[in-house]
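*Asks:* This structure is in structure tokens; I'll ask about it shortly.
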DNA sequence: ATATTTTTGTACTTATTGGTACAAAAATAA
DNA sequence: TTATTTTTGTACCAATAAGTACAAAAATAT
């Protein structure tokens, strides 16, 4: 991947993918606008000169982070599915959100959803990319539901697109509902409703 | 409300509530951070000197806009409920979102949800207020469901809190799902799921 | 007429933003 | 050794941010 044959001159002291991963996590936690270039440089562990010698702008780095997020999400979810099966993998998404809330007192949500809201009607190039990444991940979820139906983990009378769409919508809704200040009872029932969707 | 007995001196040339209403709509469309003071002054139709002679800061104005939004929402929904009944009023919320999408090509969503996300883990005072306003409006929805159940518009076997919570969560989820770039089929099914929740 | 208060307008401050310029040091291949 | 390239560091730039200061004009109650 990043196997560039060593050319003459001082080699890059940082790994591009590692730096992008660090940037992705910072963006994920703070959002695009609320991440200043200085914040980003500290998170990535490189200096401004190195940054602009490698990337063309903050926006380009963000774009690459979105792609990286989609890649990582895809990779990790597929790996998890091989271990615990498709239905358990879907439920795990909910459990991770609740666990994060209980352990740290807050939730980050999905980077694509967060960025979709932030970029909507403001950064059309990023919005366009987010749409593509979002539907890419959405398709993965549909394939999980289909596989779960074949395995008999989920009843086959409902359309996989419908189940997947409603599950993810409810989960993404749960995050914004928590962020708006929902009561524990409301959160608990929404988690219950997520279980029901996968029945 | 704003009946202040005329004191000596040049009277205020603008109505505070009108200015706040204009500010509220600007914040609703653009968010808090993405609304500069200059944007706000143009939207409110007043000059910087008048602004700071009346309000103490941008944050205070935003806070008052949140309260105004809750007030207006409460007032308008109750009025609508008197006209078309509680269940139709709830469905109207979905219809408004879809109508807005079809007519203008985009959705604004709920100011409290949008602000909840934007302020979460960043502006604790505002976050705290949003939580209060959000639950205030949420309680109104619960009362609508209860009334709809009494009227026989919605079956009474399910808890009103559950119905209200799931409906609003799905609707708020729908907005962020649209903003992330959902397909028309997904949007259509989520609207269908909103109908089912109120059955 | 006068005191009072809000108006508008202009100028300013301090901080931060994303991004550029450039020199000197360091690390490596040839 | 030399050519090449990346490193760090410092100094910039123009734009924008929220907010302050203050004078002069305008509108009103008394």
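Chains as they are written, first to last, in our numbering: chain A, 1 to 199; chain B, 1001 to 1199. All residues carry an ideal CB built from backbone N, CA and C; glycine is no exception.
1. Please give me, in chain order, every unbroken run of the alpha helix (DSSP H) with length at least 4 that falls completely inside the region 109-148 of chain A.
2. I need the straight-line Cα distance from residue 104 of chain A to residue 1122 of chain B, nearest angstrom please.
3. Quick check on DSSP: helix, strand or coil for residue 151 of chain A?
4. Pop quiz: residue 68 of chain A and residue 21 of chain A are said to be a contact at Cβ under 8 Å. What is the actual Cβ separation, rounded to whole angstroms?
5. Can you give me the C-alpha to C-alpha distance between residue 1019 of chain B and residue 153 of chain A, rounded to a whole angstrom?
6. Taking residue 183 of chain A as the query, report the chain B residues whose CB atoms sit under 7 Å from its CB, ordered along the chain.
7. 9 Å is my cut-off, CB to CB: does residue 70 of chain A come that close to chain B?
8. Leaving aside the five residues before and after residue 114 of chain A along the sequence, list all residues of the same chain whose C-beta is less than 8 Å from its C-beta, in chain order.
9. By the three-class DSSP mapping on this structure, what secondary structure does residue 1002 of chain B have?
10. In the structure shown, what three-state DSSP assignment does residue 985 of chain B receive?
11. Closer than 6 Å by C-beta to residue 1044 of chain B: which residues in its own chain qualify, once you throw out the five before and the five after it? Chain order, please.
12. Give the interface partners of residue 39 of chain A over in chain B, defined as CB-CB distance under 8 Å, in chain order.
13. When DSSP labels each residue in this structure, what does residue 73 of chain A get in the three-state scheme?
14. Which class does residue 1046 of chain B belong to by DSSP, given the choice of helix, strand or coil?
15. Give the DSSP-derived three-state secondary structure of residue 209 of chain A in the structure shown.
16. Relative to the alpha-carbon of residue 1135 of chain B, which residue among A:56, A:12, A:46 and A:185 has its alpha-carbon at the smallest distance?
17. Comparing the C-beta of residue 1004 of chain B with each C-beta of chain A, is any distance below 9 Å?
18. In whole angstroms, give me the CA-to-CA distance for residue 1139 of chain B and residue 172 of chain A.
19. According to DSSP, is residue 1068 of chain B helix, strand or coil?
20. Rank B:1046, B:1199, B:1194 and B:1061 by C-alpha distance to the C-alpha of residue 1158 of chain B and give the top, closest one.
21. Quick one: which chain B residues come within Cβ less than 7 Å of residue 177 of chain A?
22. Looking at chain B, is there any beta carbon in it that lies within less than 9 Å of the beta carbon of residue 64 of chain A?
23. Assign residue 1085 of chain B to one of three DSSP states: helix, strand, or coil.
24. Using a 10 Å radius around the Cβ and a threshold of 16 neighbouring Cβ atoms, would you call residue 1130 of chain B buried or exposed?
25. Establish whether the CB of residue 101 of chain A and some CB of chain B are separated by less than 9 Å.
*Replies:* Reading it off the structure:
1. Taking only runs of at least 4 residues, the alpha helix (DSSP H) segments lying wholly in the region 109-148 of chain A are 111-119.
2. C-alpha separation (whole angstroms): 15 Å.
3. In the three-state reduction of the DSSP assignment, residue 151 of chain A falls in the coil class.
4. Their Cβ separation, rounded to whole angstroms, is 7 Å, which keeps residue 68 of chain A and residue 21 of chain A in contact under 8 Å.
5. When rounded, the separation of the alpha-carbon atoms in residue 1019 of chain B and residue 153 of chain A is 56 Å.
6. Ordered by position in chain B, the residues that pass the 7 Å Cβ test against residue 183 of chain A are 1135.
7. It does not: the Cβ of residue 70 of chain A has no partner Cβ on chain B nearer than 9 Å.
8. In the same chain as residue 114 of chain A, and ignoring 5 residues on each side of it, the C-beta atoms closer than 8 Å to its own belong to 28, 31 and 108, in chain order.
9. Low confidence applies here, because residue 1002 of chain B scores a pLDDT of 39, under 50, leaving its location unreliable and the question unanswered by this model.
10. One cannot answer for residue 985 of chain B here, as it falls past the ends of chain B, which runs 1001 to 1199.
11. For residue 1044 of chain B, where only same-chain residues beyond five positions count, the Cβ hits under 6 Å are 1019, 1022 and 1023.
12. Under the 8 Å cutoff, chain B gives no residues; its nearest Cβ is about 13 Å from residue 39 of chain A.
13. Residue 73 of chain A falls in the helix class under three-state DSSP.
14. The answer is coil: DSSP assigns residue 1046 of chain B none of H, G, I, E or B.
15. Since the first residue shown for chain A is 1 and the last is 199, residue 209 of chain A is missing from the structure and cannot be characterised.
16. When C-alpha distances from residue 1135 of chain B are compared across A:56, A:12, A:46 and A:185, the shortest belongs to A:185.
17. At residue 1004 of chain B the pLDDT is 49, less than 50, meaning the model places this residue with poor confidence; the figure from the coordinates comes in the next sentence. False, the Cβ-Cβ gap to chain A never drops below 9 Å.
18. The alpha-carbon separation between residue 1139 of chain B and residue 172 of chain A amounts to approximately 22 Å.
19. In the three-state DSSP reduction, residue 1068 of chain B falls in the helix class (H, G or I).
20. The residue with the shortest Cα to Cα distance from residue 1158 of chain B is B:1199.
21. Those are 1169 and 1172, listed as they occur along chain B.
22. No, residue 64 of chain A does not count as interfacial toward chain B.
23. Three-state result, residue 1085 of chain B: coil.
24. Answer is buried; the Cβ neighbour count reaches 16.
25. Chain B contact via Cβ: absent.
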